[in-house]
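When we follow my numbering, the leftmost residue of the sequence shown carries the number 220, and every step to the right adds one. Heads up, the beta-carbon is just placed ideally off N, CA and C, and yes, glycines get one too.
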Amino acid sequence: RLLRSLRSSQPVARFQRRCGLFPAGEEGGGDPADGAKDNGSCNGAGALCRSAAASRASHNGVRSGRGPQGYMQKYVVKNYFYYYLFKFSAALGEEIFYITFLPFTYWNIDHSASRRMIIIWSIVMYIGQVSKDILKWPRPLSPPVVKLEMRTNAEYGMPSTHAMAATAISFSFLIATVNQYKYPLELGLVAAFVFSTLVCLSRLYTGMHTVLDVIGGALISAVLLVLLYPAWDTIDHLLLTSPFCPLFSIVVPLVLCYNYPKLDYYSPTRGDTTTILGAGAGATVGFWLNNRYAAPASSSKHFQLGFPLLTSKIVAVMLARFLVGIFVILLTRQLMKSVVLGLLGYRYKFPLGDLEARRRLEVEVPYKFITYSSVGLSATVLVPVLHELLGLM
């Protein structure tokens with residue numbers, strides 16, 4: 220009974236109501252269970268959604284969101300603190316966070332910690348994405364749940380990869396840096412717990428996952444961290460020194476992407492997985508190249524004594540490194556997208572604006588893998604060279 224309850228939509232709907240998020244017309248109260256009987260239900264993963272409301276409304280605090288198949292759901296926000304808190308927390312599990320925080324750690328804090336987080340992130344996200352398409356558990360029903368995000372609504376729910384990534388990144392960062400920087404372990408534990416908890420709760424608030432999805436995602440990450448921790452140093456050493464590292468880092472992720480579980484309809488999970496594995500592959504090759512042909516990348520020499528030595532000058536240098544790096548990453552991504560899509564379009568005879576063609580296996584996998592492996596490689600090789608040339612090291 221407990222598992223059925225945690226997997227149902229009702230706890231999610233009740234959590235949303237307690238945080239001041241209501242479907243339009245229900246803000247006066249009522250049992251969320253009543254909404255489940257509505258004919259316009261949607262559980263994601265390709266489900267058809269129908270709505271009794273066909274127009275947007277922006278008056279009297281009523282907002283609306285567009286779902287799959289043109290579904291539109293109006294909702295009322297009564298507590299904007301929770302609304303913006305959880306919308307921001309949800310962004311901590313999106314590409315915008317990965318493409319900023321992970322490179323920032325590599326450029327400014329600690330190379331070793333960054334390598335470990337990227338490897339853990341790649342493994343955890345692959346397992347999570349594949350698990351979704353194998354288990355095929357639906358997302359919460361709407362109604363009674365209010366859906367604030369719609370892109371991921373085309374995916375299955377179990378486990379929550381936001382919960383998995385947040386748990387993996389926060390606690391692997393803690394494990395990798397607590398001895399290096401000598402900050403209180405208790406402070407690190409609290410920060411990691413708060414970070415992962417906010418991301419997990421945001422998945423309930425946005426209506427994307429059931430309670431069981433979130434708990435399952437966090438537990439899977441915790442188990443993987445425990446299993447991988449004893450082998451961290453060995454894996455790190457092999458990735459830096461083995462002559463087979465570049466070949467392994469490219470071939471294995473590509474094989475996994477091309478053999479991703481097939482679904483009866485298109486889901487963004489394969490594309491997202493290819494993006495993650497491509498970025499991880501490019502970064503891993505970059506780590507190997509840096510260790511072989513440049514200075515050993517064990518840690519950032521300028522910051523190895525700890526955070527208390529930070530000054531305004533060092534903060535300015537860190538900010539400059541970050542801005543230069545992000546500019547290079549975005550430029551690389553845009554350039555490689557255009558080049559790779561152009562070549563694939565010429566090879567398979569489709570216009571660049573043909574979204575359906577870009578979703579085909581033979582197009583999507585090489586397009587995303589080459590693009591994001593180039594991003595990972597530029598972030599770990601090209602950007603540090605630019606930092607050196609600009610006097611930012």
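### Query
Quick one: what's L240 bridged to in DSSP?
Walking along the sequence shown from the start, residue 240 turns up at place 21. DSSP lists V296 as partners of L240.
### Query
Out of curiosity, what's the CA-to-CA distance linking I339 and A513?
Locating residue 339 in the sequence shown gives position 120, where the first residue counts as 1. Locating residue 513 in the sequence shown gives position 294, where the first residue counts as 1. Answer to the nearest angstrom: the Cα atoms are 24 Å apart.
### Task
Express the C-alpha separation of R233 and L431 in angstroms, rounding to a whole number.
What you label residue 431 is simply residue 212 of the sequence shown in a count that begins at 1. What you label residue 233 is simply residue 14 of the sequence shown in a count that begins at 1. CA-to-CA, the gap between L431 and R233 works out to about 15 Å.
### Message
At the level of alpha carbons, what is the spacing between S361 and V231?
### Response
Mapped onto the sequence shown, residue 361 falls at position 142. Mapped onto the sequence shown, residue 231 falls at position 12. Here the C-alpha atom of S361 lies approximately 11 Å from the C-alpha atom of V231.
### Query
Does the pairing of the stretch 339-357 with the stretch 492-506 give three or more beta-carbon distances under 8 Å?
When Cβ pairs closer than 8 Å are counted between the two stretches, the stretch 339-357 is seen to touch the stretch 492-506, the count reaching three or more.
### Query
So what does DSSP say about P603, is it helix, strand or coil?
Counted from its first residue, the sequence shown places residue 603 at position 384. DSSP places P603 in helix when its eight states are reduced to three.
### Message
If distances are taken between C-alpha atoms only, which option among E314, N509, K306 and A410 comes closest to A498?
### Response
What you label residue 498 is simply residue 279 of the sequence shown in a count that begins at 1. It is E314 whose Cα lies nearest to the Cα of A498.
### Query
Looking at C-alpha atoms only, which residue of A411, Y477 and A395 is the closest neighbour of F615?
Any property of residue 615 remains undetermined from this structure, which presents the chain solely from 220 to 612.
### Task
Could you tell me how far apart the beta carbons of L311 and Y424 are, in whole angstroms, since I believe they sit closer than 8 Å?
Working through the sequence shown from its first residue, we reach residue 311 at position 92. Working through the sequence shown from its first residue, we reach residue 424 at position 205. That pair is no contact at about 13 Å.
### Query
Do V364 and G426 have their CB atoms nearer than 7 Å?
Along the sequence shown, one-based indexing puts residue 364 at 145. Along the sequence shown, one-based indexing puts residue 426 at 207. Between V364 and G426, the C-beta spacing is below 7 Å.
### Query
Straight-line CA distance for P242 to M369?
Numbered from 1 along the sequence shown, position 23 holds the residue referred to as residue 242. Numbered from 1 along the sequence shown, position 150 holds the residue referred to as residue 369. Spanning the alpha carbons of P242 and M369 requires a straight line of approximately 16 Å.
### Query
Mapping DSSP to helix, strand and coil, what is W451?
As a working mapping, residue 451 is identified with position 232 in the sequence shown. Reduced to three states, the DSSP call for W451 is helix.
#### Entry: Enclosing alpha helix (DSSP H) for M344 [first to last residue]
Here residue 344 refers to the residue found at position 125 when the sequence shown is read from its first residue. Judged by DSSP secondary structure, M344 falls within the alpha helix (DSSP H) whose first and last residues are H330 to L354.
### Task
Check whether the Cβ atoms of P359 and T429 sit closer than 7 Å, and answer yes or no.
Position 140 of the sequence shown holds residue 359. Position 210 of the sequence shown holds residue 429. The beta carbons of P359 and T429 sit closer together than 7 Å.
### Task
Using alpha carbons as the reference points, say which of R552, S379 and R540 lies closest to P357.
Residue mapping note: residue 357 aligns to position 138 of the sequence shown, counting from 1. With distances taken between CA atoms, P357 lies nearest to S379 out of R552, S379 and R540.
### Query
Starting from W507 and walking both ways along the alpha helix (DSSP H), at which residues does that stretch end?
Translated into the one-based positions of the sequence shown, residue 507 becomes position 288. Boundaries of the alpha helix (DSSP H) harbouring W507: T488 to Y512, taken from the DSSP string.
### Query
Do the stretch 550-562 and the stretch 292-299 meet, that is, are 3 or more Cβ pairs less than 8 Å apart?
Not touching, per the Cβ criterion.
#### Entry: Outcome for K355 when other beta-carbon atoms lying within 10 angstroms are tallied against a minimum of 16
In the sequence shown, counting from the first residue as 1, residue 355 sits at position 136. By the neighbour-count criterion, in which 16 or more other beta carbons inside 10 Å mark a residue as buried, K355 falls on the exposed side.
### Query
What residue does the alpha helix (DSSP H) around Y400 start on, and which one ends it?
Here residue 400 corresponds to residue number 181 of the sequence shown, with the count starting at 1. Where Y400 is concerned, the enclosing alpha helix (DSSP H) stretches over T380 to Y400.
### Query
Under the three-state reduction of DSSP, which class applies to Y375: helix, strand or coil?
For the purposes of this step, residue 375 is taken as the residue at position 156 of the sequence shown. Correct three-state label for Y375: coil.
### Message
Tell me which residues share the same chain as R220 and place their Cβ nearer than 6 Å to its Cβ, disregarding the 5 neighbours each side in the sequence.
### Response
Translated into positions along the sequence shown, residue 220 becomes position 1. Correct list: empty, nothing qualifies.
### Message
Here's the rule: buried if 16 or more other CB atoms are within 10 angstroms of the residue's CB, otherwise exposed. What is P585?
### Response
Locating residue 585 in the sequence shown gives position 366, where the first residue counts as 1. With 16 or more other Cβ atoms within 10 Å, it is buried.
#### Entry: Integer-rounded CB distance, given that L420 should sit under 8 Å from F305
Locating residue 305 in the sequence shown gives position 86, counting from the first residue. Locating residue 420 in the sequence shown gives position 201, counting from the first residue. Contact holds; Cβ gap of about 6 Å.
### Query
Under the three-state reduction of DSSP, which class applies to S421: helix, strand or coil?
Indexing the sequence shown from 1 puts residue 421 at position 202. It is helical.
### Task
Would you tell me roughly how many angstroms separate the C-alpha atoms of G501 and Y299, rounded to the nearest one?
Position 282 of the sequence shown, counted from the start, is the residue given in the question as residue 501. Position 80 of the sequence shown, counted from the start, is the residue given in the question as residue 299. Going by the C-alpha atoms only, they are around 40 Å apart.
### Query
Does the stretch 389-403 come close enough to the stretch 454-463 that 3 or more CB-CB pairs lie under 8 Å?
Here the stretch 454-463 makes no contact with the stretch 389-403; the two share fewer than three CB pairs at distances below 8 Å.
### Message
I need the straight-line Cα distance from T503 to Y375, nearest angstrom please.
### Response
Here residue 503 refers to the residue found at position 284 of the sequence shown. Here residue 375 refers to the residue found at position 156 of the sequence shown. Roughly 29 Å separates the two Cα atoms.
#### Entry: Residue of T599, V604 and L609 minimising C-alpha distance to Y325
For the purposes of this step, residue 325 is identified with residue 106 of the sequence shown, where counting begins at 1. Comparing Cα-Cα distances from Y325 to each of T599, V604 and L609, the minimum goes to T599.
### Message
According to DSSP, simplified to helix, strand and coil, what is L609?
### Response
Taking the sequence shown and counting its residues from 1, one reaches residue 609 at position 390. In the three-state reduction of the DSSP assignment, L609 falls in the coil class, being assigned neither a helical nor a strand state.
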